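Taken in order, the sequence shown gives residues 1 to 132; the numbers are from UniProt numbering. Accompanying notes for the structure given below.
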Amino acid sequence: MFTRMFHSDWYPNDIQVEQVGLGVIVTFNLAPPNLGINQYFSWCYGGGLRNYTTIKVNPTGNKTHHSYQLLRLKPETSYSCELAADVVDAIRKTFSFQVTGMEQGKHSLIAPPMDLCLYCIKYCLGQLQLGS
């Protein structure tokens with residue numbers, strides 16, 4: 001007996017979260033290509049904030065998994081998220097994670113410390129003025 005799958009029947013069943021600095025990378029399995037789904041969405045709640053992310057997937061790219069980033073998250077905060085295909089009546093898959101604080105002296109490659117950014121800007125502006 002053949003059972004036909006519809007857009008609204010599919011949901012991601014493999015979701016992985018990896019923390020990088022104060023952000024996370026979320027990787028999930030894509031819908032089968034025959035469903036033609038190339039847009040997804042994510043809703044995340046935590047620390048008094050809500051984050052809606054539209055996720056567009058390149059149909060000629062990876063056919064099995066896709067990753068997206070959630071940035072500027074609060075340390076020591078728990079987040080609850082929903083991920084689904086961006087179709088009517090889609091089943092939403094929920095997942096949770098907690099952002100751990102960064103150890104003193106270690107900084108994210110994605111978001112360098114503000115004092116370093118200001119120093120670099122001042123240095124570059126000083127070099128430009130000296131060279132004029």
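We treat Cβ as the ideally placed atom computed from N, Cα and C, and that holds for glycine. Note that this is a predicted model, so its numbers are computed, not measured.
- Fully enclosed beta strand (DSSP E) runs of no fewer than 3 residues occupy 49–56, 65–70 and 77–85 of the region 44–92, in order along the chain.
- Listed in chain order, the non-local C-beta contacts of Asn62 below 8 Å within the same chain comprise Leu30, local neighbours out to five positions each way being set aside.
- Straight across, the Cα-Cα distance linking Asp89 with Thr77 is about 30 Å.
- Here Ile55 is not near His65, since their CB atoms are 8 Å or more apart.
- Fewer than three beta-carbon pairs drawn from the region 42–58 and the region 6–16 are found closer than 8 Å, and the two stretches are therefore not classed as touching.
- It is roughly 8 Å from the alpha-carbon of Val57 to the alpha-carbon of Tyr40.
- Between the C-alpha atoms of Pro33 and Pro59 there is a straight-line separation of about 8 Å.
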